[in-house]
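Undergrad: Residues in the sequence shown are numbered from 1 upward in steps of one, following the numbering used here.
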Amino acid sequence: MDAIDRNIIALLEADGRLTVTELAQRVGLSAAPVHRRLRELERAGTIRGYRAIVDPAALGLGFEVLVSVTMDREDAATIEEFERGLAGVAEVRHAERLFGDPDYVVRVATADPEAYRRVRDEKLATLPGVRRLTSTIVMKNVVDERPYPRRLPRQRG
1 MDAIDRNIIA LLEADGRLTV TELAQRVGLS AAPVHRRLRE LERAGTIRGY
51 RAIVDPAALG LGFEVLVSVT MDREDAATIE EFERGLAGVA EVRHAERLFG
101 DPDYVVRVAT ADPEAYRRVR DEKLATLPGV RRLTSTIVMK NVVDERPYPR
151 RLPRQRG
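1. Can you give the Cα-Cα distance for Gly129 and Ala58, rounded to whole angstroms?
2. Which of helix, strand or coil does DSSP assign to Val89?
3. Using a Cβ-Cβ cutoff of less than 7 angstroms, which residues in the same chain neighbour Tyr163 once the five nearest sequence positions on both sides are dropped?
4. Using the C-alpha atoms, what's the distance from Ile4 back to Asp101?
5. Ile9: buried (16+ other C-beta within 10 angstroms of its C-beta) or exposed?
6. If you follow the beta strand (DSSP E) that Arg132 is part of, which residue opens it and which one closes it?
7. Among Asn7, Asp112, Leu127 and Val138, which one has its Cα closest to the Cα of Glu74?
8. Using C-beta distances below 6 angstroms, list every residue in its chain close to Arg93, excluding the 5 sequence neighbours before and after it, in chain order.
9. Pull the bridge partners of His94 from the DSSP assignment, please.
10. Hey, quick one: how far does the beta strand (DSSP E) through Thr70 stretch, first residue to last?
11. Mapping DSSP to helix, strand and coil, what is Asp101?
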């Protein structure tokens, strides 16, 4: 991956609706090589897809909670069942498995506290292996959907 590829990625992160022609103009190449580079970035999985960024409040889902999940069992079968179950909870926007405690951090979006209580009690707490759920209400998103840096920091040797 070279500087032109990184530039293409940065431009698409800022505006995923850019056409190949617009990308070509901005990176200083003709459309054909930009199209080839773009297809290679997609084929390699560097670019995994394109999507709209939606305001959750506009959908009536402005109540967000970060849920720390501590497991009581961490055998492979339990983890697999838990993660499959978690992926099936529509209100879960993002979930990450962590090293250390807690075992998972999950971002949940609902309409209001009562809707979250139902998700917590009826869906999350019933998943296999869950020992404890700790909920923290999101006050405000400060940094959200930030593009990745164009250049990697230099390694000190």
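The C-beta atom is built at its ideal place from N, Cα and C for all residues, glycine as well.
TA: Taking the definition as stated:
1. Spanning the two alpha carbons is a distance of roughly 34 angstroms.
2. Per DSSP, reduced to three states, the secondary structure at Val89 is coil, with no helix or strand assignment.
3. Absent from the model: residue 163. The displayed extent of the chain is 1 to 157, so no value can be given.
4. Asp101 and Ile4 have their C-alpha atoms spaced approximately 40 angstroms apart.
5. Result: buried.
6. Run containing Arg132: Val130 to Ile137, per the beta strand (DSSP E) assignment.
7. Across the set Asn7, Asp112, Leu127 and Val138, the C-alpha of Leu127 shows the shortest separation from the C-alpha of Glu74.
8. Cβ neighbours of Arg93 beyond the five flanking positions: Arg107 and Ala109.
9. BP columns for His94 point to Arg107.
10. For Thr70, the enclosing beta strand (DSSP E) stretches over residues Phe63 to Met71.
11. It is coil, neither helix nor strand.
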